[in-house]
Amino acid sequence: MADSPYPELKKSHVPERVGRPWTDYKPPPSAPVWAVIGGFGSFHVLVAALELGVFDVLANRGANPGTSPAATAAELADELEVSAPHLEALLDSLAVLGLLERVGGRYGLNDAAARYLTTDGAASMASLVPVAPGPLENWSRLADTIRAGRPADPIDDNPADFYRALVEGTFTTVLRAATRADLQVRYSAMDSPRVLDLGAGGAPWAIAVLKACPGGTAVVNDLAGIIDVARRTTAEHGVADRCEFRSGDFHGIHIEPEGYDVVVLGHVCRTEGPDGTRRLIERAWEALRPEGRLLLADYFVAPEPQWSPHSVLMGMTMMAGTVNGFGITAAQTAAWLQDAGFEALRLIEPIGHQHAFLACKPRPSGGTK
Ligand SMILES: C[S@@+](CC[C@H](N)C(=O)[O-])C[C@H]1O[C@@H](n2cnc3c(N)ncnc32)[C@H](O)[C@@H]1O
């Protein structure tokens, strides 16, 4: 039955129309659809605020004892040298998105903004936000990607352009996860571990292990156009002298058999597809000494995808932008690890939303300690 064009005159479901038995049917709310439509604008509101420096200006005011930490739109527009009414619209949008406080016409940082959106925030995501969805043009051609089975302009064709910005943006978060993972992995109990970090980006995993283990050393791998990021970050964290930088495709570089105590596959598998991931797990197996451990970090899809929305949408982001990228399920990953021979699998969550499988290469049967 056609729905009434005038919601206030929705009479189609009343007993006069449908007779008895009468059911109190009401159309479902359109809120989920509006939430999606708003998602596009919300993303750009946040990107614009970061680009204009809204959060940093408010943080500076907070740090300066002479000024109030909260400001009116006119005061902020003055400091940022932008149009006051336009900025006010942006600030109100940030407030309704829960990314700023607005009290009595003054705007200030809330806890989330101070922690995640200021450049110097304890867990800053300021440089991650603009690059996290991947190249934006790929999203506007998503239906074509689904028709063709691959994106028209995949990241794989020019990885350095995209990954340099991405790994700069994800570094802080992954370093926090990798550092906190010590509570479960106990790197710090290892004497002088040798680490292999494949597709290391800014090498947050290698840095976390080396900082926990003063005698540790690492081979840090990434593509030639990206490995410089790791050279810089390892230097900044004082561990570069214990790293060997081995650039090149992780499927092809030389890896010493049974040369490592820890191998890291940090957020590399979801762009690899099943074949690539299996090959990487096999490379990790060959690289590990008996009793060595593999850390495989990713956003794993739960047995029912609805239970893991973040991972499902992250998988979609991979599919929108790469040739082989898809969501990677925890069950599939566990099966691949077990097929390769790994034992004692554990799925850890060192910080919220950051998961990693920890898997051990057993001693050959009959071997002794
Ligand atoms: C999402 S980032 C993960 C960085 C880091 N491992 C982490 O956990 O934060 C993926 C990294 O894999 C690298 N990568 C992608 N394909 C690669 C390949 N074939 N060989 C080596 N590195 C690759 C990218 O350059 C990028 O630095």
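Mind the numbering: the sequence shown is residues 68 to 436 in my numbering, read in order. C-beta: ideal position from N, C-alpha, C; glycine also.
Just the Cα atoms here: how many angstroms apart are residue i and residue j?
{"i": "Ala179", "j": "Arg128", "result": "17 Å"}
{"i": "Ala273", "j": "Cys280", "result": "10 Å"}
{"i": "Glu118", "j": "Ala275", "result": "30 Å"}
{"i": "Leu363", "j": "Arg87", "result": "60 Å"}
{"i": "Asp258", "j": "Gly282", "result": "6 Å"}
{"i": "His304", "j": "Gly269", "result": "11 Å"}
{"i": "Ala251", "j": "Leu143", "result": "Contrary to the premise, residue 251 reads as Gln rather than Ala in this sequence. Whole-angstrom Cα-Cα distance: 45 Å."}
{"i": "Gly201", "j": "Gly382", "result": "12 Å"}
{"i": "Gly340", "j": "Ala354", "result": "21 Å"}
{"i": "Asp145", "j": "Thr384", "result": "38 Å"}
{"i": "Ser109", "j": "Val287", "result": "37 Å"}
{"i": "His377", "j": "Pro82", "result": "44 Å"}
{"i": "Thr344", "j": "Gln405", "result": "13 Å"}
{"i": "Leu161", "j": "Gly326", "result": "51 Å"}
{"i": "Asp123", "j": "Ala130", "result": "10 Å"}
{"i": "Ala402", "j": "Tyr230", "result": "29 Å"}
{"i": "Ser150", "j": "Glu204", "result": "29 Å"}
{"i": "Leu147", "j": "Asp220", "result": "36 Å"}
{"i": "Trp206", "j": "Thr212", "result": "9 Å"}
{"i": "Ala285", "j": "Gly333", "result": "14 Å"}
{"i": "Leu380", "j": "Gly394", "result": "8 Å"}
{"i": "Ala351", "j": "Ile322", "result": "9 Å"}
{"i": "Ala98", "j": "Arg208", "result": "25 Å"}
{"i": "Arg313", "j": "Val296", "result": "13 Å"}
{"i": "Arg430", "j": "Ala193", "result": "44 Å"}
{"i": "Ala137", "j": "Ala116", "result": "16 Å"}
{"i": "Lys436", "j": "Pro260", "result": "Model confidence at Lys436 stands at a pLDDT of 45, short of 50, so the residue's coordinates are unreliable; what they give is reported in the following sentence. The straight-line gap from Cα to Cα measures roughly 17 Å."}
{"i": "Leu412", "j": "Leu158", "result": "47 Å"}
{"i": "Ser432", "j": "Ala387", "result": "44 Å"}
{"i": "Pro370", "j": "Ile418", "result": "21 Å"}
Compare the C-alpha of residue i against each of the options and name the closest.
{"i": "Trp374", "options": "Ala245, Glu353, Ala397", "result": "Ala397"}
{"i": "Arg360", "options": "Ala407, Lys428, Pro221, Pro324", "result": "Lys428"}
{"i": "Thr134", "options": "His153, Val100, Ala116, Gly175", "result": "Gly175"}
{"i": "Leu166", "options": "Ala411, Gly172, Leu184, Pro152", "result": "Leu184"}
{"i": "Val336", "options": "Glu349, Ala115, Gly326, Tyr327", "result": "Sequence inspection shows Cys at residue 336; the Val mentioned does not correspond to that position. It is Glu349."}
{"i": "Val196", "options": "Pro260, Val114, Asn225", "result": "Val114"}
{"i": "Val452", "options": "Glu204, His153, Phe107, Glu371", "result": "In this structure the chain extends from 68 to 436, so residue 452 is not present and cannot be described."}
{"i": "Pro324", "options": "Asp342, Arg356, Pro99", "result": "Arg356"}
{"i": "Lys278", "options": "Ala291, Val262, Asp289", "result": "Val262"}
{"i": "Val112", "options": "Pro96, Lys93, Leu164, Ala102", "result": "Leu164"}
{"i": "Asp342", "options": "Asp295, Gly392, Thr139", "result": "Gly392"}
{"i": "Thr139", "options": "Gly172, Ala116, Pro132", "result": "Gly172"}
{"i": "Leu290", "options": "Val198, Gly315, Ile222", "result": "Gly315"}
{"i": "Val368", "options": "Leu425, Leu157, Leu414, Ala387", "result": "Leu414"}
{"i": "His422", "options": "Asp224, Pro99, Ala244", "result": "Ala244"}
{"i": "His420", "options": "Asp308, Tyr366, Pro95", "result": "Tyr366"}
{"i": "Ala267", "options": "Arg247, Ala248, Ile294, Tyr254", "result": "Ile294"}
For residue i, name the three-state secondary structure that DSSP assigns.
{"i": "Glu118", "result": "helix"}
{"i": "Thr185", "result": "coil"}
{"i": "Phe110", "result": "helix"}
{"i": "Pro152", "result": "helix"}
{"i": "Arg84", "result": "helix"}
{"i": "Gly216", "result": "coil"}
{"i": "Ala210", "result": "helix"}
{"i": "Leu265", "result": "strand"}
{"i": "Ala190", "result": "coil"}
{"i": "Pro136", "result": "coil"}
{"i": "Leu425", "result": "strand"}
{"i": "Leu8", "result": "Nothing can be reported for residue 8: it is not among the residues displayed for the chain, which extend from 68 to 436."}
{"i": "Val196", "result": "coil"}
{"i": "Thr389", "result": "coil"}
{"i": "Arg169", "result": "strand"}
{"i": "Gly129", "result": "helix"}
{"i": "Pro431", "result": "coil"}
{"i": "Gly419", "result": "coil"}
Entirely enclosed alpha helix (DSSP H) segments - the segment 278-356, minimum 4 residues: 294-303, 340-354
Given 8 Å, three or more beta-carbon pairs between the segment 236-254 and the segment 177-194: yes
Length at least 3, wholly inside the segment 351-386: the beta strand (DSSP E) runs in chain order: 355-365
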